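Counting the sequence shown from 1 gives a position; my numbering is that position plus 97. Glycine residues also receive a C-beta, built at the ideal position from the N, C-alpha and C atoms. Values in this document were obtained by computation on a predicted structure and should not be read as measured data. Take a look at the structure set out below.
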Amino acid sequence: MDHPFVILPEEQAPEGAEHCELCELSGQRTRVVWGEGNPGAPLMMILDNPGAREDREGNSFLCGTRETLQIGMREAGIAVDDVYVSYLLKCRPVRAYNKPVARAACLPHLQLQLVQKQPLVLFGFGNVVAEALFPDKESASVKELRGAWHEFQGIPISFTYHPLAVRRRPNLHRLFVEDLRALKEKWKKLRHDC
98 MDHPFVILPE EQAPEGAEHC ELCELSGQRT RVVWGEGNPG APLMMILDNP GAREDREGNS
158 FLCGTRETLQ IGMREAGIAV DDVYVSYLLK CRPVRAYNKP VARAACLPHL QLQLVQKQPL
218 VLFGFGNVVA EALFPDKESA SVKELRGAWH EFQGIPISFT YHPLAVRRRP NLHRLFVEDL
278 RALKEKWKKL RHDC
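Shown next as structure tokens:
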């Protein structure tokens with residue numbers, strides 16, 4: 098029997114990041130979203146930015162990105178307890194902003210998380226994350242990077258399509274799940290090698 102989707106618990110941002118004002122997103126946010134899920138998980142998934150977690154009335158809900166991600170994880174056999182979801186941007190944008198400046202300002206926060214959490218494997222979603230983590234690669238797109246393992250800060254990383262792209266283009270679903278299965282296999286191999 099399938100379990101219902103879960104809203105992963107949000108991890109509180111560390112004191113230094115909680116009131117970050119390094120970019121204009123600080124004026125748009127209601128809070129800094131450091132990450133969600135199991136903070137000690139071996140798998141760290143990286144999305145571009147946090148999505149909505151509550152509706153206009155303040156009731157919790159699961160956005161399309163998280164729902165699609167959890168569908169793919171289920172099909173790939175990845176338990177939510179084994180995952181920590183982090184974000185390139187730590188604030189949810191609500192209107193236009195200077196993307197390169199915001200990404201450059203937030204990248205050190207993500208790098209700090211990697212040092213603190215030391216995940217076994219990283220997994221990025223979408224071109225925005227790929228381009229931000231590999232700015233010197235001539236073609237840092239999911240299409241070019243998926244299906245192979247790379248390294249970021251000494252940690253193996255691979256990529257797949259952003260869950261919203263999968264929602265909009267159902268033909269990507271099979272590849273999305275295939276990539277998540279490859280993540281699970283890589284994790285099993287690394288866990289066995291430790």
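Here's a check: name, in chain order, each residue in its chain whose Cβ is nearer than 6 Å to the Cβ of valine 89, leaving out the five neighbours to either side.
No answer is possible for residue 89: the residues shown for the chain start at 98 and end at 291.
Buried or exposed for glycine 221, please, with buried defined as at least 16 other CB atoms from any protein chain shown within 10 angstroms of its CB.
buried
In DSSP terms, what phenylalanine 220 is bridged to
Met142 and Ser255
Would you kindly check if the distance between the Cβ of phenylalanine 256 and the Cβ of arginine 266 is under 8 Å?
no
Whose C-alpha, out of Glu172, Asn135, Leu105 and Gly169, is nearest the C-alpha of glycine 148?
Leu105
Could you tell me the distance, in whole angstroms, from the CA atom of glycine 174 to the CA atom of arginine 192?
36 Å
From the DSSP secondary-structure annotation, give me the bridge partner or partners of histidine 247.
Ile254
Mind listing, in chain order, the continuous alpha helix (DSSP H) runs of no fewer than 4 residues lying wholly within the region 105–144?
112–115
Select from Leu280, Gly132 and Thr162 the residue whose C-alpha is nearest the C-alpha of tyrosine 181.
Gly132
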